[in-house]
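Structure, as structure tokens:
2 protein chains.
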Amino acid sequence: MSDMPTKILLDEKDIPTHWYNVVADLPSPPLPPLGPDGNPVGPEQMLAIFPGNLLEQEMSAERWIAIPEEIREVYRIWRPTPMFRAHRLERALGTPAKIYYKYEGVSPSGSHKPNTAIPQAWYNKQAGVHRLTTETGAGQWGSSLAFAGQMFGVEVRVYMVKISYQQKPFRRSMMQTWGAEVFASPTDMTNAGRAILEKDPNNQGSLGIAISEAVEEAASRSDTNYSLGSVLNHVCLHQTVIGLEAKKQFEKVGDYPDMVFGCCGGGSNFAGVAFPFLADKAAGKNVRLVAVEPTSCPTLTKGVYAYDYGDATGYTPIMKMYTLGHDFMPPGIHAGGLRYHGDSPLVSQLLHEGLIEAVAVPQVATFEAGVQFARAEGIIPAPESCHAVRACIDEALRCKQTGEPKTLFFNLSGHGHFDMASYDRFFAGQLEDFEYPREAIEASLAHLPKVG
Amino acid sequence: MSDMPTKILLDEKDIPTHWYNVVADLPSPPLPPLGPDGNPVGPEQMLAIFPGNLLEQEMSAERWIAIPEEIREVYRIWRPTPMFRAHRLERALGTPAKIYYKYEGVSPSGSHKPNTAIPQAWYNKQAGVHRLTTETGAGQWGSSLAFAGQMFGVEVRVYMVKISYQQKPFRRSMMQTWGAEVFASPTDMTNAGRAILEKDPNNQGSLGIAISEAVEEAASRSDTNYSLGSVLNHVCLHQTVIGLEAKKQFEKVGDYPDMVFGCCGGGSNFAGVAFPFLADKAAGKNVRLVAVEPTSCPTLTKGVYAYDYGDATGYTPIMKMYTLGHDFMPPGIHAGGLRYHGDSPLVSQLLHEGLIEAVAVPQVATFEAGVQFARAEGIIPAPESCHAVRACIDEALRCKQTGEPKTLFFNLSGHGHFDMASYDRFFAGQLEDFEYPREAIEASLAHLPKVG
């Protein structure tokens, strides 16, 4: 047996004791979210949908925030997650690069999402709130919050983007197994949903619309809060357990990445894997951090850095971020979790300040990468994760040409067990690469809110 | 953080170096398989479908058989598998029992099956055979062999029981992702399949029929061997990595089980978790080993111990085992992997000699147990695994009544990610408990082959 392990494992004692807050290492402080009047939104307005303890994290500039023991206890169900050295993929590619990946698909819901679902359910319960609404795209977030609610006795209602509800019926069954209610969004249960359906009864939904619905319900019920699976600072914060563990795992094998890749929709997966390395970069270390997005929803690579709504209908505060315009409707690609018009303000700011990079990859090529990965490494990746696989393989192939033995690292954010219908279509040659939707983006960018 | 871990993990160096062969500890030698003439089948006849190196294992009485390094290298993708202490389930049940489970769902195909698929593909390749046929019930075995074939460059063709092919289309996509061909059995590609379809064009298939088809093709092509996912001695042998690791894990926490549970269809899962503990029992240790089967296919609890065919149509040699008769057609329950008329000859002999026990549990109660487990522990179990969960929970509830703090252990053989349609039906109240199918069993037992 070779001395270099295939899996780099940590002990339960190595589950991080603190989350890392990248705000402490930003060159300039983050810009605040603004209300309809153009003034910063105070915590008091946010308390209608979020508990105070989470808002404190949202606003915090502390570098390290302690993880409560009750949360670490639940993390122990699947954390620390394994890191793999992709020996077989390296051989299949014939690259001199070393490839490592961290695998978040070992969580009960099969992705990185429970890293924040668990603390969000727990902090709400601490604040006396026993009911949560949320949205879900591919279903990874909704099932994660369903699981988290079940762990702490918190009721969960999920608005699921209609196209995913149809493409991934078994994600719904999974949420129900964990006791959650699930509806296909847009629904006729909210003003936001009804307004969309009135214009377009066949609307396939989007993350933006589903967010509008979930926020509207939470704001209108005093017993209910809202929970978001990405974008916000406290969500990115919770996900840093990924990168923090990865750094310990690299230390264990005496290596360190030259480049870190994470797929990027709302930004929490990328933040989770990359931010802890950004701390090193801020301290002078040479490491490139690459956010990977779909060419069909190219927020970071083709969007503008501007104030925009987090949802589709203007229900949320406006945030400074890369955006394609809040009413941009992305094509129905199979990586449902990456179909978001905006991006995390923290990820956006870091890109704007040149501390991270972004690339966009087309749909068919991501599935090619996913199949190549599955045939080499065994694990079948989620379509979202295939984006990171694609970008990492592309870099490994560049290394093959240049002969550079770079150390590459990506986060395999989830497995594809609920995405096999998408793989089916790929094998049948039915997947398309969408043209860069320039006109739709230009149209929606014309609707950006005016600030100041 | 409590000192008692949730996950009991081993290092890659702890992957067993040898498989344990229970034949060395049997009170009497196993009875040989017999041919149509009533005489023992010699290895030369078996060589038409199996390689010599695997037949050697099939016949061996050596207690320990070395695991080749190339196989241990692939095992490292997912082994050692974690063992969990089910703290949350214990609390939910209010039982004084301690509950442990080993989780085989972390393998790429999501079950224990790759433990034998990997060595079978490798030994065939060593013997110069680059093409394999097989059958699959729930799809767990077929996807595991597809994965194994991909690891070693061996082509794989899978005959999939028609009812599962329809209920679990995504298992098929998974096999295709790993490059295998898949057909719904009975097919019109074999004599066995055509004979069944002639009598009953809507035949839903069974493991027995699919075995007939795969064996027929392998026997008729010199470039092709057959691979079986359960029943045979060498399959049970390979699965013992489960129990061997479990014993190390119990040692690590200073505990030992009073009872071990495994679901039992063809017997390989039960053998894998239980046989290594049987070695201790043979050495005087007090441990109860319980095979758990469905009441609708009650081979061990209602069958007879007799010589019978391994397949449905009499293509294979006859083996001494518990059987419901080779032409018994089990009801279409959702635990497709447990719908087999016979059982492993080794498991059967151990039951006959009183060294192990068997219980049968009804379908609806197994899903109730699965949901209770998922809500407490997070992981959603496969319907097959739900049988072991049910039996273990039943015992934990008995402990609650008697106050006994027993140590209970079961193997969670796989996850239920491809079985959510079955959970859906359970939630919709559409699952039935089948009556003990006495008449069908009596009819098929009348067709047992005559011996001697």
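Protein sequence lines, in the order shown, are assigned to chains A and B. Quick note on my numbering: the first sequence kicks off at 742 and runs consecutively. Quick note on my numbering: the second sequence kicks off at 742 and runs consecutively. Just so it is clear, CB atoms sit at the ideal spot from N, CA and C, and this is done for glycine as well. Keep in mind the model is a prediction, meaning the values are calculated, not measured.
Query                                                                                                                                                                   : Result
Leaving out the 5 sequence neighbours to the left and right, which residues in its chain are closer than 7 Å to L985/B when beta-carbon positions are compared?         : P757, Y761, P1017
Just grab the DSSP bridge partners of S852/B for me.                                                                                                                    : G1155/B
For R826/B, tell me which candidate among L830/A, A827/A, H828/A, R817/A has the shortest Cα-Cα distance.                                                               : R817/A
Between the C-alpha atoms of I840/B and L969/A, what's the straight-line distance to the nearest angstrom?                                                              : 35 Å
Please compile the residues from chain B whose C-beta is within a distance smaller than 8 Å of the C-beta of L1087/A.                                                   : Here the premise fails: no neighbours, minimum Cβ distance about 29 Å.
For A1137/A, collect the residues of the same chain with a Cβ closer than 7 Å to its Cβ; drop the 5 residues on either side in sequence, then sort them by chain order. : L834, T836, A838, I840, L1149
Output yes or no for whether 9 Å exceeds the beta carbon distance between I952/A and G1044/A.                                                                           : no
How far does the beta strand (DSSP E) with T965/B in it extend, from its first residue to its last?                                                                     : T965/B -> no beta strand (DSSP E), and no H or E assigned at all.
Closest Cβ-Cβ distance between T1107/B and chain A: below 9 Å?                                                                                                          : no
Chain A partners of P774/B, CB-CB under 8 Å?                                                                                                                            : By Cβ distance, chain A contributes nothing, its closest Cβ being about 34 Å from P774/B, past 8 Å.
Buried or exposed for G1013/A, going by 16 or more other Cβ atoms inside 10 Å?                                                                                          : buried
State yes or no: is the C-beta of T965/A within less than 9 Å of the C-beta of R872/A?                                                                                  : yes
Looking at the ligand FMN, does it come within less than 8 Å of V1100/A, judged from the CB to the closest heavy atom?                                                  : Among the ligands in the structure shown, none appear at all, so the ligand FMN cannot be discussed.
With H, G and I counted as helix, E and B as strand and the rest as coil, what does DSSP make of V994/B?                                                                : helix
In three-state DSSP terms, what is Y1177/B?                                                                                                                             : coil
Considering P1058/B, what are the terminal residues of the beta strand (DSSP E) in which it resides?                                                                    : Note, P1058/B: premise wrong, no beta strand (DSSP E); not H, not E.
Looking only at its chain, what residues have a beta carbon closer than 6 Å to the beta carbon of S1009/A, apart from the 5 residues adjacent to it on each side?       : S971, V976, C977, Q980
Determine the DSSP secondary structure at M916/B, reduced to helix, strand or coil.                                                                                     : helix
Please compile the residues from chain B whose C-beta is within a distance smaller than 8 Å of the C-beta of P746/A.                                                    : E753, R817
Could you spell out the range, first to last residue, of the alpha helix (DSSP H) harbouring I937/B?                                                                    : 932-940
Below 8 Å on the Cβ atoms is my contact criterion, and I expect L948/A with R1080/A to pass it. Report the Cβ-Cβ distance as a whole number of Å.                       : 6 Å
Enumerate, from N- to C-terminal direction, the unbroken beta strand (DSSP E) stretches of 3 or more residues contained entirely within the stretch 794-829 of chain B. : 805-807, 824-826
Note down, in chain order, every chain B residue with its Cβ under 7 Å from the Cβ of Y1164/A.                                                                          : S914, T918
Give the straight-line distance between the Cα atoms of T1057/B and S926/B, rounded to the nearest whole angstrom.                                                      : 17 Å
Comparing the C-beta of A704/B with each C-beta of chain A, is any distance below 9 Å?                                                                                  : Here chain B covers residues 742 to 1193 and nothing more, so residue 704/B does not appear.
Report the partner residues of I749/A according to the DSSP bridge assignment.                                                                                          : M824/A
So for P910/B, helix, strand or coil by DSSP?                                                                                                                           : helix
From this set, S1037/B, D1021/B, S769/B, D778/B, which residue's C-alpha is nearest K1191/B's C-alpha?                                                                  : D778/B
Pick out whichever of S850/B, Q907/B, F1168/B has its Cα sitting closest to the Cα of G1077/B.                                                                          : Q907/B
Taking the beta strand (DSSP E) that F924/A belongs to, which residues open and close that run?                                                                         : 922-926
Does DSSP put D1135/A in a helix, in a strand, or in coil?                                                                                                              : helix
How many Å lie between L1096/A and P774/A at the Cα?                                                                                                                    : 22 Å
Let me confirm a value: A1053/A is counted as buried when at least 16 other C-beta atoms fall within 10 Å, else exposed. Which label applies?                           : buried
Tell me the rounded alpha-carbon separation between P1072/B and F1175/B.                                                                                                : 7 Å
Return the first residue and the last residue of the alpha helix (DSSP H) that H979/A is part of.                                                                       : 974-980
Judging by CA-CA distance, which residue of R832/B, F893/B, R1131/B, D929/B is the nearest neighbour of A1035/B?                                                        : Rather than Ala, the amino acid found at residue 1035/B in this sequence is Pro. The option with the nearest alpha carbon to P1035/B is R1131/B.
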